[in-house]
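Residue numbers for the sequence shown follow my numbering, beginning at 59 and rising by one.
Glycine is no exception: its CB is placed at the ideal position from the N, C-alpha and C atoms.
Here the structure is a predicted model, which means the values were calculated and not measured.
Following: one structure in structure tokens, then a few remarks.
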Amino acid sequence: MRLLLLAFFIFSSAKALAVTPEEVLNWSGSDFKLSEIFKSLNLNFDTRYQIGDEWGKKPVTDQDMRSDVHFARMATATARVRGGGTGFYLGEFNGRFVVATNHHVCPSAMQCSGQDAIDFPILGFKSKIIEFYGSWPEIDLSLFAIEVNDANMVNELNSISSPFAFHNDLQHAAPLVTIGFGIANNYARQLVANRDSDCVVFSADAEYRLMADPDDLNPGEYKAWSFANGCDVSHGDSGSAMMDRASGSVVGIIWTGRIPKSRKVQSSAYLAELLKTPNEDIWKELSYGVPAVHMFQYLNAQVANGGIEKAHMPTIQALLSQ
């Protein structure tokens, strides 16, 4: 109990001292290190978000970055967003440096404001929103531009551009990758990734549904276009890119999942059977992302019906035409 109180006090103080959780965990005394204290507390056993036999969301390592060029690009393009979630760099469009996250992470520019609101930890780069293009519940998407003044950082960012693959329909059983800052089993809020055997598309080829949020802990009040997948995600992962593991294409964005998960989908044997013989558990018990193909349709409709501000039209049109 004393260790728990110590941990709570230190993390509460960290905010006032303007340091990160990672920095807190590296604090040490003559005979202790905080990261070792947290390990001894067994705080990383939250199974509410788990799909399959084991929790697949692991901290991103140097070895991970060397092992796969697509993975390394996506991890580098992934940012913490002040609204409490994850975002990622899409690319430069119309001279603007565009980032995507979920509507429920950044429903407005004000809710993600601040000088260092967008933080790319691998790049060691923080920025602020300078243009906000919109936030749309039906595709749970928010788009905005960040400030980039350094020429070297412009080159760095454009070397890791990760635009949506707007014309790639999801394929059943396609392997995926998600990278974000989810809270489950991640007390330091490190960058974590999931690419285990369960992290695949469970819905049928090009099967999408407009569905309500199945999250029992913190549900959204709207429906969003969705595809089903078996990736381990938790609160804080919202806004993470969903990348096709084989091609490196960004095929969607995570938005929600059934939380807490039922025991049956925490069995990889059951998931293997579900993949071969689908039933409605696919649309009730798993994780859900918004497909890029539906974003394309929705945003084009917004362009056509005047739903995009005139000043922002060139940027959105450039994004949609890539």
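In the three-state reduction of the DSSP assignment, Ile311 falls in the strand class. Annotated three-state conformation of Trp341 is helix, per DSSP. In the DSSP assignment, Arg131 falls within the alpha helix (DSSP H) that extends over Val127 to Thr134.
As computed with DSSP, Pro233 is found in a beta bridge with Val258.
The distance from the Cβ of Gly294 to that of Arg247 is about 7 Å, consistent with a contact at the 8 Å cut-off. Counting only residues of its own chain and dropping the five nearest sequence neighbours on each side, Gly310 has a CB closer than 6 Å to the CB of Met300, Gly347, Val348, Pro349 and Ala350.
Take the alpha-carbon of Val157 and the one of Phe202: they are about 6 Å apart.
With the rule of 3 Cβ pairs closer than 8 Å, the region 219 to 237 counts as touching the region 263 to 282. Listed as beta-bridge partners of Phe239 by DSSP are no residues whatsoever. Apart from the 5 residues on each side of it in sequence, Tyr356 sits with its Cβ closer than 7 Å to the Cβ of Trp194, Glu196 and Ile197 in its chain, given in chain order. In this structure, the alpha-carbon of Ile374 lies about 8 Å from that of Phe151. Sixteen is the threshold: since fewer than 16 other Cβ atoms of the shown chains lie within 10 Å of the Cβ of Asp174, the residue is exposed.
Annotation for Ala223: no beta strand (DSSP E) segment contains it, and DSSP assigns it neither H nor E. Comparing alpha-carbon positions, the option among Thr105, Asp122, Asp104 and Tyr107 lying closest to Arg253 turns out to be Asp122. Pairing Cys164 with Ser296, the inter-Cα distance amounts to about 10 Å. Counting only the Cα atoms, Gly240 lies some 12 Å from Ala137. Under the three-state reduction of DSSP output, Ile197 falls in the helix class. Between the alpha carbons of Ala251 and Ala223 lies a distance of about 20 Å. Counting only the Cα atoms, Gly145 lies some 21 Å from Glu279.
Leu344 sits close to Asn287, with the two beta carbons spaced by under 8 Å. Excluding residues up to 5 positions away in sequence, Thr159, His161, Cys164 and Ser193 lie with their Cβ nearer than 6 Å to the Cβ of Ser200 in the same chain. About 6 Å separates the CB atoms of Lys319 and Gln108; that is less than 8 Å, so the two are in contact. Under the three-state reduction of DSSP output, Pro117 falls in the strand class. In the three-state reduction of the DSSP assignment, Thr373 falls in the helix class, which pools H, G and I. For the pair Pro272 and Val323, the Cα-to-Cα distance works out to about 15 Å. Around the C-beta of Phe103, fewer than 16 other C-beta atoms lie within 10 Å, and the residue is accordingly described as exposed. Out of Lys368, Arg154 and Ala167, the CA that lies nearest to the CA of Val206 is found in Arg154.
Assignment of Leu249 by DSSP, reduced to helix, strand and coil, places it in the coil class. Distance between Leu377 and Ser219, taken at the CA atoms: about 12 Å.
In this structure, Arg316 keeps its C-beta atom at 8 Å or more from the C-beta atom of Lys281.
For Ala304, there is no enclosing beta strand (DSSP E), as DSSP gives it neither H nor E. Per the C-alpha coordinates, the member of Gly238, Pro277 and Met353 positioned closest to Cys289 is Gly238. Secondary structure at Tyr356: helix, using DSSP grouped into helix, strand and coil.
Per DSSP, Asn216 is one residue of the alpha helix (DSSP H) stretching across Ala209 to Asn216. With a contact defined as Cβ atoms closer than 8 Å, Ile180 and Ile204 miss out at about 16 Å.
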